[in-house]
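Colleague:
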Amino acid sequence: MNYLLLISLAILSACSSADQKRSVKVENVTNEDFKKPKILAAKDIPDYYPENIAAASPALQDETLDRYSANELKKLAESTDPLLEVSLLCSKRDFEKSFAVASKIFNEYQKVPGYWNVVANCHLNQGSYRKALLFYNKALEINPGYGPALNNIGVMYSRQGLDQKALIAFERANKQAKFSKTPKYNLARIYLAYGLVDLALPLFQALHSNSPQDADLLNALGNCYFLMSDYQRAWSYFQKIPAEHWENAEYGLNIAVTLSKISKKAEALKVLKNTQEPKNGKLRNYYAAVEKQLGALE
Numbered sequence: 014m015n016y017l018l019l020i021s022l023a024i025l026s027a028c029s030s031a032d033q034k035r036s037v038k039v040e041n042v043t044n045e046d047f048k049k050p051k052i053l054a055a056k057d058i059p060d061y062y063p064e065n066i067a068a069a070s071p072a073l074q075d076e077t078l079d080r081y082s083a084n085e086l087k088k089l090a091e092s093t094d095p096l097l098e099v100s101l102l103c104s105k106r107d108f109e110k111s112f113a114v115a116s117k118i119f120n121e122y123q124k125v126p127g128y129w130n131v132v133a134n135c136h137l138n139q140g141s142y143r144k145a146l147l148f149y150n151k152a153l154e155i156n157p158g159y160g161p162a163l164n165n166i167g168v169m170y171s172r173q174g175l176d177q178k179a180l181i182a183f184e185r186a187n188k189q190a191k192f193s194k195t196p197k198y199n200l201a202r203i204y205l206a207y208g209l210v211d212l213a214l215p216l217f218q219a220l221h222s223n224s225p226q227d228a229d230l231l232n233a234l235g236n237c238y239f240l241m242s243d244y245q246r247a248w249s250y251f252q253k254i255p256a257e258h259w260e261n262a263e264y265g266l267n268i269a270v271t272l273s274k275i276s277k278k279a280e281a282l283k284v285l286k287n288t289q290e291p292k293n294g295k296l297r298n299y300y301a302a303v304e305k306q307l308g309a310l311e
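Here this note's numbering runs 13 ahead of the position in the sequence shown, where the first position is 1.
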């Protein structure tokens with residue numbers, strides 16, 4: 014749970030202390046008023062998101078909120094899990110409310126690595142990398158092999174363009190959490206980004222075997238074979254991707270080139286025409302190159 018994607022200890026303690034200041038009549042005081050909340054252990058908390066909600070990209074849906082659409086997130090919001098509530102508020106960028114919930118449950122969840130990981134994710138989404146790393150390390154202090162924190166440190170480094178550090182973090186996460194899917198996916202993506210198809214392909218294949226309809230995995234496998242110039246095999250995966258995804262340049266551009274390589278020129282031009290021009294610099298440059306390459310087919 015809580016794979017991705019500073020409320021300081023002093024603030025947390027202050028907030029929880031403030032919550033205890035109530036106006037209580039002496040005659041109404043009972044032993045219950047002096048009981049401290051139970052400090053939960055990691056084993057008391059489910060570490061996966063519910064799988065009873067069907068996500069459009071289901072391969073990693075039990076480990077990360079990134080796989081859910083806006084409507085699917087609304088269904089998740091019906092849960093009473095406070096850690097999930099913190100995560101959902103962060104995903105909506107309602108950080109003030111998210112940190113308020115985190116502060117409220119601190120006394121109970123302070124020994125749960127997933128708690129610190131969720132708080133770290135909020136800071137990561139704010140772009141507060143130092144604070145995020147502080148809390149990821151707090152999760153690792155409780156459990157040195159906690160896969161979500163290791164994985165999310167990799168996500169943090171990746172967002173900063175520090176791919177070598179990200180790679181090390183993803184490799185550690187994959188080693189520590191052998192049965193977790195998100196570290197494998199992130200590790201495979203970074204291998205693929207650097208053209209290391211021989212390392213990326215078996216990881217994507219293993220994930221695909223469990224979720225054969227997942228659009229992102231079909232695209233990843235298609236891209237692996239695309240880079241190997243095996244265009245027929247690339248097309249065998251690309252064609253299974255729902256057509257609504259093809260408008261996205263991360264899907265559409267290589268699909269268009271693949272179609273041109275297997276002599277489906279009219280289809281290639283149609284896909285390119287319907288592909289939205291990306292805003293990302295590198296992807297925009299690639300769009301221009303593909304547009305120029307396929308323009309010669311007209």
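Quick reminder that beta carbons are idealized off the backbone N, C-alpha and C, glycines included.
Values in this document were obtained by computation on a predicted structure and should not be read as measured data.
1) CB-CB under 6 Å to Q289, same chain, minus the five flanking residues each way: which ones, in chain order?
2) Does DSSP classify N156 as helix, strand or coil?
3) Near Q218, what residues of its chain come up, given a Cβ to Cβ distance below 8 Å and the 5 sequence neighbours on each side ignored?
4) Rounding to the nearest angstrom, what Cα-Cα distance links Q226 and N232 in this structure?
5) Applying the criterion that 16 or more other CB atoms from any shown protein chain within 10 Å of the CB defines a buried residue, is E98 buried or exposed?
6) Buried or exposed: A302, going by 16 or more other Cβ atoms within 10 Å of its Cβ?
7) Would A279 be called buried (16 or more neighbouring beta carbons within 10 Å of its own) or exposed?
8) Hey, P126 and A152: beta-carbon distance below 8 Å or not?
9) 8 Å is my cut-off, CB to CB: does E98 come that close to chain C?
10) With the cut-off set at 8 Å, would you say N138 and S100 are in Cβ contact?
11) Indicate the three-state DSSP secondary structure (helix, strand or coil) for I52 in the structure shown.
12) Who are the near neighbours of V131 in its chain, counting only those whose CB is closer than 6 Å to its CB and skipping five residues on each side?
13) Buried or exposed, going by whether 16 or more other CB atoms sit within 10 Å of the CB of F251?
14) On the DSSP letters alone, give me the boundaries of the alpha helix (DSSP H) that T195 sits inside.
15) To the nearest angstrom, report how far apart K34 and L102 are at their CA atoms.
16) How far does the alpha helix (DSSP H) with N130 in it reach, from first residue to last?
17) Would you check if the distance between the CB atom of I275 and the CB atom of Q306 is smaller than 8 Å?
18) Pick helix, strand or coil for I222, following the three-state DSSP scheme.
Modeller: Taking the definition as stated:
1) E260
2) Coil, per DSSP.
3) L234
4) 11 Å
5) buried
6) exposed
7) exposed
8) It is a contact, given that the beta carbons lie within the stated cut-off.
9) Among the chains in the structure shown there is no chain C, since it carries only a single protein chain.
10) no
11) In the structure shown, I52 sits in coil (DSSP, three-state: anything other than H, G, I, E or B).
12) So the qualifying residues of the chain are N15, L96, V99, S100.
13) buried
14) 195–206
15) At K34, the pLDDT of 34 sits below 50, so the modelled position is not reliable and the matter cannot be decided from this model.
16) 126–139
17) Taking 8 Å as the cut-off, the Cβ atoms of I275 and Q306 do not count as close.
18) It is worth fixing the name first, because residue 222 is Ser in this sequence and not Ile. Helix, per DSSP.
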